[in-house]
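Going by the working numbering, the first residue of the sequence shown is number 262, and it counts up by one from there.
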Amino acid sequence: MGAATGQSLPIAVGVLVSPLPIVAVVLMLTSGRARANATAFLLGWFLAVGVVALGVALLAGTAAGGSSGPPAWLGWAKLALGVLLLVAAARQWRARPAEGAEPAMPRWMTTIDSFTPVRALGLAVLLSVVNPKNLLLVVSGAAAIAGATDDPAAKAGAAVVFAVVASLGVAAPVAVYVLTGDRATALLDGLKSWLTHNNTAVMAVLLLVLGAKMIGDGISAL
262 MGAATGQSLP IAVGVLVSPL PIVAVVLMLT SGRARANATA FLLGWFLAVG VVALGVALLA
322 GTAAGGSSGP PAWLGWAKLA LGVLLLVAAA RQWRARPAEG AEPAMPRWMT TIDSFTPVRA
382 LGLAVLLSVV NPKNLLLVVS GAAAIAGATD DPAAKAGAAV VFAVVASLGV AAPVAVYVLT
442 GDRATALLDG LKSWLTHNNT AVMAVLLLVL GAKMIGDGIS AL
């Protein structure tokens, strides 16, 4: 489990600092159903990331057929994931707003005030494992877990750790809100503003670094 956790941890950190879900949970914390919606979002995010990471890691192990050591196809899969991450990084960088321009925000952000906990949970699933960029990161983390161990129990433990670390980004604003209440409003507003304006640049750098890591891991496995 230790090796699998170590291999997947940098990618989990990449998911952790993904700006868009953090902005979403901050918006929920300034809405009418702040605690209920934010808690549902956090739960949905954790479960979706954990289930997908574990499912892909176990399927990769099954496809390996019990062979000793990581199969060659897993190295090629990591290479492919790394290339896709680099392509996504380039697209993010090209999409960054011009200096001084107001970035365009997703339409769903304007409806968060009317969200119920069920809709908040559903949005967490969409942003965590349906959003292509985050799905790439979660699958990359699962591939790292699968390449590090053949033990299903170790994979399960590593997937849980991966999901916990990947959830810290959305958990942090919730913790700040619970601990400080209304005093957190100014801090959360500042965080939302910074992430909104730097979302594409932050994601571009993350995807670039993690793509390079996956390519390196893939080459090492071949």
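By construction, the Cβ of each residue, glycine as well, lies at the ideal position given by its N, Cα and C atoms.
- The stretch 458–467 and the stretch 265–273 do not touch, with fewer than three beta-carbon pairs separated by less than 8 Å.
- Secondary structure of residue 478 (DSSP, three-state): helix.
- When Cβ pairs closer than 8 Å are counted between the two stretches, the stretch 398–405 is seen to touch the stretch 471–482, the count reaching three or more.
- If only complete runs of 3 or more residues are kept, the stretch 349–423 shows no beta strand (DSSP E) anywhere.
- Leaving aside the five residues that flank residue 299 on each side, the residues in its chain whose CB is nearer than 6 Å to its CB run, in chain order, 286, 289, 290, 435.
- Runs of the alpha helix (DSSP H) lying entirely within the stretch 289–329 and spanning at least 4 residues, in chain order: 295–324.
- Straight-line spacing of the CA atoms in residue 292 and residue 372 works out to 10 Å.
- The residue among 437, 454, 458, 397 with its C-alpha nearest the C-alpha of residue 273 is 397.
- As the crow flies, the alpha-carbon of residue 357 is around 11 Å from that of residue 457.
- Residue 279 carries a coil assignment under DSSP once its states are collapsed to helix, strand and coil.
- Remark: C-beta atoms of residue 311 and residue 424 approach each other more closely than 9 Å.
- Its chain contains 430, 463, 467 as the residues whose beta carbon lies nearer than 8 Å to that of residue 278, once the 5 sequence neighbours on both sides are disregarded; these appear in chain order.
- Taking C-alpha positions only, residue 378 is separated from residue 481 by approximately 44 Å.
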